[in-house]
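Protein chains in written order, with the numbering used here: chain H, 3 to 258; chain R, 3 to 258; chain P, 118 to 416; chain F, 118 to 416. For reference, the structure is listed below as structure tokens.
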């Protein structure tokens, strides 16, 4: 883990409330794994004290850059969304444990399900799967087509299916309504998104006895397992999402 | 009094720690008097709650602009000093009572004494005196010539004498050491600057029985006489500097 | 939509009041606020005799807050009645006078004088101001002390009696219950938290009195907690205050159980804030399909 | 320049400690802090039996502060001794264990167990945690309650005993005097202020426990005031804390009379802050021509 000043290389709105930022650093960025996150310090924002955890959307060792998707939900994320090229954002990174990647050569047919801004870490995960010769399938959910984030980027990495709640793109409804879930023959499911969506997917995965990992977004303070604020009540008791997660195998969760 | 969004027209450093800002507004600025001040809201600055009182350095009705000199002493003034052309600063204005101007045609030979950033309101005052056919004499004090603010502007309005503590410009020492004080034949003295400097001038004015007004800078909260935080202990008791001042005739003060 | 609330016999058109000591006598804010859109104004703390207050400096800024040590500077009840009351009694909102004292007799004397004033429908009894050595702290920090002063004032004052509580206590609920027992029509809380600021470079306290009262957004969590505790424990209306800067803040206090709110320190930052808060509460009610302000309750 | 301070028999190389509950067991911060530059680490609150703590959500951000309701989650004293102590006992700084309990017997049992550990030179007795229904509030808010637990622990514990005081009291000085009387070697203050946060749109409390402990810069003025009051009233060393984010903040506490300071919430914002504060105090002393940290006093 490092504390680093990241430099914004570019920042583009990808929906009315979300921004995709590419950042670099003077130093070499530490290695990162899909599913890990960064904690960004919020400057110049009265009343905001704590860092904001943001999952790593993309990472490219060669260009020494990482990408983040930030959704404007409060004063802290509003500040992040207003950063421009050249601005500096202080980060602690990389944090937490990422998704479990299939071992080299193991047969794997993964489905990566994301909802809303929760699609963010799945791009980085998809790239890593590709690097291992596995073509990922994405199932991305959003309220409307306008809120569907970075579809083109996902299409450059794998097959993309879409659901929208209003039905203006892809299958109308929630991700759990998409036929690919029953038609596809997946032996691994990775999920990140709003909790009700993740719970619905987990219920289906359990019913189908499919291996499944979810990335949780509990409210955090320290990000490194010191304050015990972001706990998830698991089968092994309250554990820190920031340190033992944010990715959990569903076998550890009490979710019903 | 109004609450207005002021728009920065220009902002120039006039010393290592001070900035001169010219501001305008979409609406017509209310009329202002020399010695009055504005209360500026500090945005984007964690922990800073209260407005900052800044005296009016210059005001031009025709161009609908006012000028301010801001010295960087803390987080609030640092934010103000970092405003650029086009930025917006919210202000309550005009506040307080200004300097007493000589009545039309009355014989007046005024000396305007300023120290540090306290020179600010004297420019506006000098202009008003000029408009009444009175050529003001300025005596400006600073620690060094580099910290002497806007000398050229004062020279465009009246005669300027200077003292510097290190002696790299004008007379070496404090304003009270300048020979113009004893040589000049002034019947009105206006003072604004650090309290010890003002006290020294007041002592001399009393000794010479010269009419004298000072502009005080007590720490304020509301700026409109509601909170009673900025009081000066006068001969008529504790009075609000923001509302009954900031300009006081020395006859009201308990200063010895 | 109905925003009106009632405290004792005091009827307010909406639940937004301005807090004592932060709004002068109202007139200072005439350029900024349409008084007819406020529930009421709680004017400066008034004592029997004139008070010069504490020496300067009286104020220090703190993270998201400020300390003050004004020390109840005011010209006394007689001056208020003769010179201030005539100028404010016809303002188009309810005028409540904050009353302070250093003895029960003083409180009673002021309450009696104010009881005569037709256009003052209520007083707020400050039994908690932490700034003045003899300014009431002794009354406000024990149920016994609070009871004694409220009992005496209740016997002398016929209109709505609101008691302003100190947060600098172990058990604010016991104080609230004690003043309810003695016939208070409502309680308002919180007064300021006792705090201190130090100038590290000059190595001395910033305030002339060393300690002073903390207010502003910093104290909001403590204020909300106390309002919530007290509202559950008493049957009389609770007026909540402490760091309210926006309608959302005000709604939080109403959700915690307050019947009305007071806006204090925020008046210094935005002199129109009280009016905006009142408007914003109406917006909130519209958004949540609420008919009456009392519908603002926890789910 | 000498920054060392002494509390009981505990010798610290400088007056900067990290506060319990904000620094884990130290190891979490190994990437960010050179422990050899800290006075010490106060590790997480430890109870006799394991505790799961409170349900999620446990945290709410507030203006310049945060509320927490962790509820003393920890694996118990036995686990600490067997599994954590071996991993941290050779860290190049002083390790102090924060001890909590829900009965005097529990406190005493944990203190006895820790007394055996060679590399634990001190404990900090939490008699004030406001998060847990049976977590010590009853002890910390009265002189009698505080005395009882300190007396019992003092008899069971031979090394440096620091007692951490609650700010949620009318008279913190009386509590400090009571624990000094029972043989405490020092007091640390303030623990968190009891507060509450509400989600106005969802119309419910943010914390699962409704109320929680407020910390961060917002509380600094209250903390400074209490440290100043207590430091004047007791002869034992005072450890000050509450919103310290910088060396200037720390110096303010030292000026108020503290012998040492603890850094809490600020660790979450800047994980290296504790080391920076220690360095900054040295810079301050150099600027003010001070030889020893005890020269940091009011003028």
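Think of the CB as a built atom: it goes at the ideal place given N, C-alpha and C, for glycine as much as any other residue.
In the structure shown, residue 409 of chain P adopts extended strand secondary structure according to DSSP, grouped into three states. With contacts defined by Cβ atoms closer than 7 Å, residue 256 of chain P and residue 266 of chain P form a contacting pair. When only Cα atoms are considered, residue 392 of chain F and residue 180 of chain H end up about 53 Å apart.
The C-alpha of residue 114 of chain R lies about 11 Å from the C-alpha of residue 143 of chain R. Counting only unbroken stretches of 3 or more residues, the beta strand (DSSP E) elements lying wholly within the stretch 319-364 of chain P are 328-332 and 355-357, in sequence order.
Looking at the DSSP output, residue 54 of chain R bridges to R/42.
In the three-state DSSP reduction, residue 59 of chain R falls in the strand class (E or B). The stretch 190-197 of chain H and the stretch 347-361 of chain F do not touch, with fewer than three beta-carbon pairs separated by less than 8 Å. When DSSP reads this structure, residue 213 of chain H sits in a beta bridge with H/190. Excluding its 5 nearest sequence neighbours in each direction, residue 168 of chain H has C-beta neighbours in its own chain below 6 Å: 146, listed in chain order. Residues 174, 177, 314, 315 and 316 of the same chain have their beta carbon placed closer than 7 Å to that of residue 323 of chain P, with the five preceding and five following residues left out of the count. When the alpha-carbon of residue 416 of chain P is set against those of P/395, P/373, P/408 and P/381, the nearest one is in P/373. Look at the stretch 191-220 of chain R: the residues with a C-beta under 9 Å from a C-beta of chain P are 220.
Between residue 44 of chain R and residue 78 of chain R, the C-beta gap is smaller than 7 Å, which places the two residues in contact. Boundaries of the beta strand (DSSP E) harbouring residue 161 of chain H: 161-166, taken from the DSSP string. Within the stretch 184-271 of chain P, the complete alpha helix (DSSP H) segments of 4 residues or longer fall at 193-196, 202-205, 221-232 and 254-257, listed in chain order.
For residue 48 of chain H, the residues of chain R that pass the 9 Å Cβ criterion are 44, 45, 46, 47, 48, 49, 50 and 51, in the order they occur in the chain.
By the criterion of a C-beta distance shorter than 6 Å, residue 22 of chain H is surrounded in its chain by 14, 16 and 71, once the five residues flanking it on both sides are discounted. Residue range 153-157 is occupied by the alpha helix (DSSP H) that includes residue 155 of chain H. Look at residue 290 of chain P here: in three-state DSSP terms it is helix. For residue 310 of chain F, the uninterrupted beta strand (DSSP E) run begins and ends at 310-313, by DSSP.
DSSP places residue 404 of chain P in the uninterrupted alpha helix (DSSP H) bounded by 390-404.
Inclusion of residue 122 of chain H and residue 40 of chain H in the CB contact set at 7 Å is not warranted, their separation being larger than that value.
Taken in chain order, the members of the stretch 363-384 of chain P whose beta-carbon sits within less than 7 Å of a beta-carbon on chain F are 365, 368, 369, 372 and 373. Annotation: residue 224 of chain H to residue 387 of chain F spans about 9 Å, alpha carbon to alpha carbon. Counting other Cβ atoms within 10 Å of its Cβ, residue 228 of chain H reaches 16 or more and is therefore classed as buried. Rounded to the nearest whole angstrom, the C-alpha separation of residue 171 of chain H and residue 164 of chain H is 7 Å. Residue 49 of chain R and residue 332 of chain P do not touch by the CB rule: their CB atoms are close to 15 Å apart, not below 8 Å. In this structure, DSSP gives residue 99 of chain H an extended state, which the three-state scheme calls strand. In the DSSP assignment, residue 133 of chain H falls within the alpha helix (DSSP H) that extends over 122-133. If you draw a straight line from the Cα of residue 399 of chain F to the Cα of residue 5 of chain H, it comes to about 23 Å. Under the Cβ criterion of 7 Å, residue 187 of chain F is counted among the residues facing chain H. Look at residue 174 of chain P: its C-beta is under 7 Å from a C-beta on chain R. Within 9 Å of the CB of residue 93 of chain H, no CB atom of chain F is found; the nearest one sits about 12 Å away.
DSSP places residue 378 of chain F within a strand segment (E or B) once states are collapsed to three.
According to the DSSP assignment, residue 82 of chain R belongs to the alpha helix (DSSP H) that extends over 77-83.
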